[in-house]
Amino acid sequence: MNRFHLLVVVASFAALASCTTNQSALLPPLPEVEAHVISGGAPIRMQPVALESASTAASSAAPLEPVRSVASIPSEASLEKEFQAVISSEDVDKETRQYIDRVARIFYRTQALLNDYDAKLDDYAKQTNVADGALQTDDTYARLISAWSLREETTAKITYFYKRANEIAHARMNDSKVSKDLQNRALLMNRAIRNTVVSSANSTNRLAKQNLLKELIEVQKSGAFSNQILNGARETSDFYERNKLQLARETENARKDEEINQEIEARAPEIKAALAEQYEKRTPQSVGAIAPGLGRSGMMNGFEFKTGRWALTFDDGPHSTYTPQALANLKANDMKATFFWIAQNVSKMPSIVKQAQAAGHTLANHSYTHANLPKLGPGGLRHEIIESTTVDVQNGYRPRFFRCPYGACGSQTSAVRQKIADLGLVSVTWNVDSLDWQDKNPQSVYERVKKQMAVQKRGIILFHDIHPQSIAASKMLMADFAAGQKKGIYRTVTIDQAFDELNTAEGMK
Ligand SMILES: [Zn+2]
């Protein structure tokens, strides 16, 4: 699956380049630049991308999503500073090449960690007495998150670099103030980005190279690049499924990449500390089947469910495309879920909210803007917790539950917890994390959920209704639940039902 991730980058650039064909009627044509694949393959014709289409494609093909961990995507200002440093260097071609080469290695290393994590899950699943929450505080998990956030950062960088290089190249058509030297450097940078990404992928093996070039040409020809990218990614992931041995060897090589290893290791303690703090907050209510309460310390995380009870939860929506898909899948499986939505999205999509409500799903609050709550003052907390609840009420529902963005509510005595409790809301976290925000492959997202389910045996599963892979993976899971429900193995519940049942004398049956 290494190349799966890489392909998304490659295909994103291909999509960026292909935009010119769609936009040529609107914008003046730019001179073509011929880029040769390093290994001597056929030359690829590439064109600098028109400004508007570049930013549109960047957001649809390689979305820069908020990072869920403590690490974050660099700001525009810091990206611009780095860009200027590279573009003004003596050897812009070489420097860019090194830069992108590093990104490719980060992709490989990241995948190696993901494989490690999944292998660890396998081990846990085979054990009978695994402590609840062990997965969440595990070192591997911290390193995984740290590698992934590193990859998000780097992806943001190359996307930004590519976009800026194209902007400068494009400016020559309209702006004589942009120096010839700067334009040439921008074109050189474009070529270097393309060459390096393609050659990195080529170096994997001959078949991969052929597939990649084929896909690249197809994607360039097509106007519907989003679908092409998805299909290409799917095919590539199938390809790697069939070539696991080769992948294992490549992964082993990536493991030896000491420089990247060190960078990942350096970040892990900070992330581990954040995870540990989160785990600390869960401890009082894990295992002991204590019913969640309404007080400041009340928190529901799924550990208190009886064996076989599962709550599907979706965060960060509503999303105009993906939420309706999730709703349709739930309907097809006659299943109810819980949506933790962002108020600023809720206010924009009243019809989706109505639809979900009419279908009987639990609608809950996930703050106003997805802010990191423990860092906010009283005004910020009022906005994120109280005013967001008001928006929900205005849109037809009074939430009973609140999920802190990033799972970060602060300590048991925090002002965040107090505000949530003051409104009569109950905090809800999760004990099965699909990690769907980062892993773009639905099959592996699904498998990761299943492995964690095998360890946890009951609980709250976290998905996000804002990514295509989340919709596909949760759909597969719904099919399992539907089949398991008939056999009496599983029972799906909304957080509403779970809470009410846990607070009755009988509990859940
Ligand atoms: Zn969220």
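In this text, residue positions in the sequence shown follow the numbering used here: the first is 30, and each later residue adds one. Glycine included, every Cβ here is placed at the ideal spot set by N, Cα and C.
Residue i burial status per 10 Å Cβ neighbour count (16 or more: buried)
i: Ile518; result: exposed
i: Glu105; result: exposed
i: Ala480; result: Just to set this straight, residue 480 is Lys in the shown sequence, not Ala. It counts as buried.
i: Ala541; result: Absent from the structure is residue 541, since the part of the chain shown begins at 30 and ends at 538.
i: Asp451; result: exposed
i: Ser499; result: buried
i: Glu119; result: exposed
i: Lys404; result: exposed
i: Pro434; result: buried
i: Asn195; result: buried
i: Glu413; result: buried
i: Glu288; result: exposed
i: Ile524; result: buried
i: Gln467; result: buried
i: Lys209; result: exposed
i: Gln127; result: exposed
i: Ala185; result: buried
i: Thr442; result: exposed
i: Ser178; result: buried
i: Ala387; result: exposed
i: Pro353; result: buried
DSSP-derived helix/strand/coil call for residue i
i: Thr523; result: coil
i: Asn394; result: strand
i: Ala148; result: helix
i: Met218; result: helix
i: Ile518; result: coil
i: Tyr269; result: Confidence at Tyr269 is low in this model, with a pLDDT of 46, below 50, so its placement is unreliable and the value that follows should be read with caution. Helix at Tyr269.
i: Ala340; result: strand
i: Leu491; result: strand
i: Met364; result: coil
i: Asp529; result: helix
i: Val461; result: strand
i: Ser178; result: helix
i: Ser503; result: helix
i: Val455; result: strand
i: Phe190; result: helix
i: Phe332; result: coil
i: Ala83; result: Low per-residue confidence applies at Ala83: pLDDT is 27, beneath 50, and the placement is therefore not dependable, though the value from the model is reported in the following sentence. Helix.
i: Ile129; result: helix
Nearest residue (CA-CA) to residue i, options the options
i: Pro428; options: Ala508, Ala400, His390, Thr442; result: His390
i: Ile129; options: Asp421, Ala511, Thr188, Ala171; result: Thr188
i: His423; options: Ile116, Met378, Ser175; result: Per the sequence presented here, residue 423 reads as Gln, with His not at that position. Here the closest residue by C-alpha is Met378.
i: Ser349; options: Arg520, Ser376, Trp339; result: Ser376
i: Thr419; options: Ala527, Arg432, Ser396, Leu402; result: Ser396
i: Lys486; options: Phe430, Ala340, Phe528; result: Ala340
i: Asp494; options: Ala388, Gln291, Pro347, Val455; result: Pro347
i: Leu217; options: Ala387, Ser117, Glu181; result: Ser117
i: Thr336; options: Ile135, Val522, Lys301; result: Val522
i: Gly453; options: Ala437, Ser178, Phe431, Ala171; result: Phe431
i: Lys365; options: Gln354, Thr342, Pro353; result: Thr342
i: Asp344; options: Asp363, Asn374, Ala361, Pro103; result: Asn374
i: Asn290; options: Leu173, Ile490, Phe492; result: Leu173
i: Leu531; options: Lys516, Gly488, Phe492; result: Gly488
i: Met329; options: Ala511, Ser463, Ala297, Ile490; result: Ile490
i: Leu150; options: Arg193, Ala483, Asp122; result: Ala483
i: Ser440; options: Ser456, Gly425, Val115; result: Ser456
i: Arg180; options: Cys438, Asp145, Ile135, Asn394; result: Ile135
i: Tyr191; options: Glu109, Gln526, Asp462; result: Glu109
i: Asn358; options: Lys186, Phe510, Asn401, Asp421; result: Phe510
i: Asn362; options: Thr125, Gln386, Lys515, Ser380; result: Lys515
i: Ala297; options: Phe528, Pro103, Ala176; result: Ala176
i: Gln113; options: Pro103, Arg214, Asp145, Tyr146; result: Arg214
i: Ser107; options: Phe334, Thr183, Thr352, Lys123; result: Thr183
i: Ser463; options: Tyr426, Ala385, Lys504; result: Lys504
i: Gln526; options: Ala355, Lys301, Gly331; result: Gly331
### Task
Would you check if there are 3 or more beta carbon pairs closer than 8 Å linking the region 466 to 473 to the region 441 to 448?
Flag = no, the region 466 to 473 and the region 441 to 448 do not touch.
### Task
List in chain order: all unbroken alpha helix (DSSP H) runs of 4+ residues lying wholly within the region 371 to 428.
As far as the region 371 to 428 is concerned, its whole alpha helix (DSSP H) runs of at least 4 residues are 372 to 375, 379 to 387, 407 to 410, 417 to 423.
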